[in-house]
Amino acid sequence: MRLMDHPNVVSLRHCFFSTTNNDELFLNLVMEYVPESLYQVLEHYRSVNQQMPLIYVKLYTYQIFQGLAYIHSVPGVCHRDVKPQNILVNPLTHQVKLCDFGSAKVLVNGETNISYICSRYYRAPELIFGATEYTTSIDIWSAGCVLAELLLGQPLFPGENAVDQLVEIIKVLGTPTREEVRCMNPNYNDFRFPQIKAHPWHKIFHKRMPPEAIDLASRLLQYSPSLRCTALEACAHPFFDELREPNARLPTGRPLPPIFNFRQELAGASPQLINRLIPEHVRRLNGLNIPHPVGM
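Residue 294 in the UniProt record's numbering sits at position 294 of the sequence shown; the count goes up by one each step and never skips.
In structure tokens:
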């Protein structure tokens with residue numbers, strides 16, 4: 001936590017040790033205060049039987065991907081428990097912060113990790129298949145589940161147990177092919193699954209759902225981890241173009257929270273991607289000179 005410094009990651013203010021009467025030693029972490037979680041925001045809309053306004057869906061998920069882009073690239077951390085309860089929301093500014101890094105880990109190539117990780121509804125399929133050498137793309141799957149939940153008003157894959165979780169995923173994505181199973185876990189050899197066709201994404205969501213939202217969800221929720229877009233690529237998706245407009249505002253009329261304050265996570269990004277992420281009006285304002293890619 002001391003290594004991380006980003007507007008979309010909760011910050012560590014202080015830490016200290018304490019002991020109990022039984023001489024048990026506890027490490028206490030003092031974090032910055034953010035009043036609400038995304039789960040509480042979702043529960044509010046559910047309680048009044050309303051869908052979350054699309055502008056908030058865009059703003060919240062965009063900032064989730066900003067935070068993930070940072071932790072994945074700079075400290076090289078995989079959160080491993082992305083879910084609405086672990087995403088904090090400031091109800092006044094609508095700034096979002098990733099929190100609860102109790103399951104987080106720096107992933108090292110060739111090093112095994114536990115597969116029984118991440119809360120069930122948001123658990124990537126490779127974890128269900130028992131993969132122990134996975135990547136930060138498990139966070140991308142979880143974030144895709146959060147996006148779908150904000151759009152639907154309820155979890156997309158509400159499995160009752162680990163096996164049922166896979167069943168819920170198959171109901172939507174269809175039965176994974178042998179190649180997809182190998183991509184998730186090369187050591188998995190039991191291919192006995194009922195053959196179920198994928199459910200068209202446009203039928204998962206209501207008819208008025210913007211096609212960009214459906215396209216982004218489909219790019220995040222892929223069986224093959226390598227086919228899922230990265231957090232930075234997700235930020236550049238057309239679904240978030242409304243946030244890049246010069247006159248973009250919150251429904252209250254207040255300005256958006258800072259969403260173009262990228263840091264080291266842009267290192268290595270192509271000029272095309274950077275041009276998508278930082279709109280021209282922001283570049284002019286900040287005096288940034290990013291070369292235009294050839295042909296644009």
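All residues carry an ideal CB built from backbone N, CA and C; glycine is no exception.
Since residue i and residue j should fall inside the 8 Å C-beta cutoff, what is the C-beta to C-beta distance between them, to a whole number of angstroms?
i      : j      : result
Leu220 : Ala234 : 7 Å
Cys78  : Asp139 : 6 Å
Pro257 : Gln95  : 4 Å
Thr136 : His72  : 4 Å
Leu25  : Phe17  : 6 Å
Arg120 : Gly144 : About 15 Å; that fails the 8 Å criterion.
Mapping the DSSP letters down to three states, classify residue i as helix, strand or coil.
i           : result
Pro255      : strand
residue 297 : In this structure the chain extends from 1 to 296, so residue 297 is not present and cannot be described.
residue 364 : This structure leaves residue 364 out entirely; the chain is present only between 1 and 296.
Tyr183      : The question names Tyr, yet the displayed sequence has Cys at residue 183. Correct three-state label for Cys183: helix.
His15       : According to the sequence provided, residue 15 is Cys. The question's His does not apply to it. Looking at Cys15 - three-state DSSP - the assignment turns out to be strand.
Glu160      : coil
Arg249      : strand
Lys105      : strand
Val294      : At Val294, the pLDDT of 41 sits below 50, so the modelled position is not reliable and the matter cannot be decided from this model.
Thr218      : Note on identity: in this sequence residue 218 is Ser, with Thr being the wrong assignment. Three-state DSSP puts Ser218 in a helix.
Ser142      : helix
Ser115      : coil
Val282      : helix
Glu24       : coil
Val10       : coil
Ser270      : coil
Leu166      : helix
Glu32       : coil
Ser137      : helix
If you count every other CB in all the chains shown that lies within 10 Å of the CB of residue i, and 16 or more means buried, which is it?
i      : result
Tyr33  : exposed
Tyr116 : exposed
Val146 : buried
Gly102 : exposed
Asn8   : buried
Asn161 : exposed
Arg284 : exposed
Asp81  : buried
Leu281 : Residue identity differs from the one stated: residue 281 is His in this sequence, not Leu. His281 is exposed by the Cβ-count criterion.
Gln222 : buried
Pro91  : exposed
Pro293 : With a pLDDT of only 45 at Pro293, under 50, the local geometry of the prediction cannot be trusted, and the value read off the model is given with reservation. Its Cβ having fewer than 16 others within 10 Å, Pro293 is exposed.
Leu27  : exposed
I want to see whether chain B comes within less than 8 Å of residue i, judged by CB atoms only; does it?
i     : result
Ile64 : Of the protein chains in this structure there is only one, and it is not chain B.
Please give the ranges of any alpha helix (DSSP H) in the stretch 46-86, keeping only runs that are unbroken, at least 4 residues long and fully inside the region.
Whole alpha helix (DSSP H) segments, 4+ residues: 54-73.
Quick test of the definition: if touching needs 3 or more C-beta pairs under 8 Å, does the stretch 223-241 touch the stretch 168-183?
yes
The stretch 57-67 touching the stretch 235-244, judged by at least three CB pairs closer than 8 Å
Yes, they touch.
Between the stretch 156-175 and the stretch 124-131, can you find at least three pairs of beta-carbon atoms closer than 8 Å?
yes
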